[in-house]
Each structure stands twice: as C-alpha cells, then as structure tokens.
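Engineer: First the structure, which I've put down as structure tokens, then a few questions once you've had a look.
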Ligand SMILES: C[S@@+](CC[C@H](N)C(=O)[O-])C[C@H]1O[C@@H](n2cnc3c(N)ncnc32)[C@H](O)[C@@H]1O
C-alpha cells in the first residue's frame, strides 16, 4: 500500500528541478518578506525549518539568525537545497533528511520552529504539529505557514479534491479554525495570526507538478464553468487577458513564548 510519505517522495522528486521557477508563488519575494519580517529573528536564534524543500524560507531567514537546520523527507529536494546553499554561500544553514513526524532533536532544542507549506502534505497534521511543538523551547516560537481550506465544508472538499488532482501528495489543507485548534492541542496556542490572499497562475502551477493534460483540462473546465456561473470549485478562479488563475489563502500562525 502506498503511504503518504511514498506519495510525497514520488511527487517532490519530480518537482525538485522546477522549484526555482520565478513564475511560482514559492519564491515570491513579497510572500517571503511577509513571513521573515513577522518572525522574531535575532543573531543568536537557533532555528529549524520543517519540510523545508529547496529552502525558500530557510534561505530567506538564514542571514537574520544564528543558524538554521532545514529538514525534509525527500532527498531530491535536499539535493537542490544543498546546491542553493552553496551558491548563496550560506554557511549557517544545514540541510538534513528527517520526517516531520520523528524529528531527531531534543525537547526544546530550538528558539524558532518553522513549517511553510508542509502541513497540507502531512497524513497526521496533529501529530506533526505536536512533534514540532516538542522541539521548540518554552521561550521560543512555533510558526506555521500554510494554505487554508474554505470554511464551508462542501467547498473545502471540492477545493482539496482539485488540489489533490493536480498534486496527489496534497493531503488536505486545514481551515483557519482547525489550524488554531491544532496549535492549541499541541500546547502552543496562536498568539499572532495574519493571512494573505495569493494569486496563483495556472500554467506554472501545473508545470511544476507535470500534471497530465487530461487532468489539467478537467480542472480548467471546472474553473471555466464556475466563471460562467456554474458550481463553485472552492478555487476562486480569475481570468485576465485570457489567462486563468485562482486564489489561495495562506495563513501565518505563530505561537510565541509560553506564559
Ligand atoms: C510544498 S513543499 C514546501 C517546501 C518549502 N517549505 C517552501 O515553503 O518552499 C512541501 C515539502 O514538504 C516535504 N514533506 C512532506 N511531508 C514531509 C514529512 N513528513 N517530513 C518532512 N518533509 C515532508 C516535501 O518533501 C516537500 O519538500
């Protein structure tokens, strides 16, 4: 039986070479700045980036902190990360292979634990957040950045179905309330919350995942039907100058020092 980790490794081995595409939201400067400028970064901060991928966020944070350990479960992503680290000469950023569910670190080892766009790929988001909460110190910060599902349950099912059609390793984006609940349950209640509506251009989004043509067409037809007044997809499609895009909502949920 295929596990969620197998699906993640299969998809991200395929996606790794495309992660630097400037047409993607992943490297969008403004979105990285939003997160980096919101975080409590100091020259002595010891940070961990979980599901770091090719290190978009780790690399943006590294110049502002003492050190960053960037963990990911997909070797191809770590390989691309190592090349980026070398190119940028970031000697305080250390890539390491690890599963978010079994972080090879001591309790409270980090001042800051980050996870951007990993949560919706996790089979058991509660267990992963609890594991991240374990390795952040009481005086530290846990910061989760992820896609949000629409609050409406039916729309959320449709939204996640389309995301999963395009990337089978997409498990499920949580709602805003669920994210707050998960952090509460891990003993790290949200102390700071912000969100951004992010416009996603359809072509680079499909190209990254090498989505087969038939699947692209199914998704495109559903978005076009919605634009013509048909059933909502939960994707909030847009069309400008003949180009289709859609809207995601990204939340940045932080839990600062405990009591
Ligand atoms: C959408 S990418 C995000 C990468 C990066 N955080 C960023 O914001 O650009 C998701 C990453 O999560 C990783 N991932 C998924 N499940 C994981 C797990 N259980 N443990 C560690 N990494 C995981 C994938 O390998 C992939 O690199």
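In my numbering, the protein residues as written are 5 to 263. Think of the CB as a built atom: it goes at the ideal place given N, C-alpha and C, for glycine as much as any other residue.
1. Taking the alpha helix (DSSP H) that residue 58 falls in, what are its first and last residues?
2. May I have a chain-ordered list of the beta strand (DSSP E) segments no shorter than 3 residues that lie completely inside the stretch 126-191?
3. How about residue 120 and residue 99: are their beta carbons less than 7 Å apart?
4. Nearest to residue 139 by alpha carbon, out of 252, 126, 206 and 117?
5. Any heavy atom of ligand 1 inside 6 Å of the beta-carbon of residue 10?
6. Tell me which residue opens and which closes the alpha helix (DSSP H) that residue 51 is part of.
7. When the distance is taken between beta carbons, is residue 29 closer than 7 Å to residue 202?
8. Looking only at its chain, what residues have a beta carbon closer than 7 Å to the beta carbon of residue 88, apart from the 5 residues adjacent to it on each side?
9. Identify whether residue 41 lies in helix, strand or coil by the three-state DSSP scheme.
10. Look at residue 178 and residue 187 and say whether their C-beta atoms are less than 7 Å apart.
11. Where does residue 113 sit, in a helix, a strand or coil, going by DSSP?
12. Thinking C-beta only, is residue 43 closer than 7 Å to residue 137?
13. I'd like to confirm the pairing. Which residues does DSSP put opposite residue 259 in its beta bridges?
14. Between residue 78 and residue 260, is the Cβ-Cβ spacing less than 7 Å?
15. Alpha carbon to alpha carbon, what distance is there between residue 15 and residue 158?
16. Going by DSSP, what residue range makes up the alpha helix (DSSP H) through residue 228?
17. Is there contact here, the stretch 215-230 with the stretch 100-113, by at least three beta-carbon pairs under 8 Å?
18. Let's test the definition: count the other Cβ atoms within 10 Å of the Cβ of residue 173 and tell me whether it reaches 16, buried, or not, exposed.
Structural biologist: According to the data block:
1. For residue 58, there is no enclosing alpha helix (DSSP H), as DSSP marks it with neither H nor E.
2. If we require 3 residues or more, the beta strand (DSSP E) runs fully inside the stretch 126-191 come out as 140-151.
3. Not closer than 7 Å, so no.
4. Put simply, of 252, 126, 206 and 117 the residue whose alpha carbon is nearest the alpha carbon of residue 139 is 117.
5. Answer for residue 10: no, Cβ out of range of ligand 1.
6. No alpha helix (DSSP H) contains residue 51, which is instead part of the beta strand (DSSP E) from 50-54.
7. A distance below 7 Å separates the beta carbons of residue 202 and residue 29.
8. Hits under 7 Å: 58, 59 and 63.
9. Here residue 41 sits in helix by DSSP.
10. Not a contact, by the Cβ cut-off of 7 Å.
11. Coil, per DSSP.
12. Note that the C-beta distance between residue 137 and residue 43 is not below 7 Å.
13. Beta-bridge pairing links residue 259 to 146.
14. One thing to note: residue 78 has its Cβ no nearer than 7 Å to the Cβ of residue 260.
15. Rounded to the nearest whole angstrom, the C-alpha separation of residue 158 and residue 15 is 27 Å.
16. Run containing residue 228: 217-231, per the alpha helix (DSSP H) assignment.
17. Not touching, per the Cβ criterion.
18. Residue 173 comes out buried.
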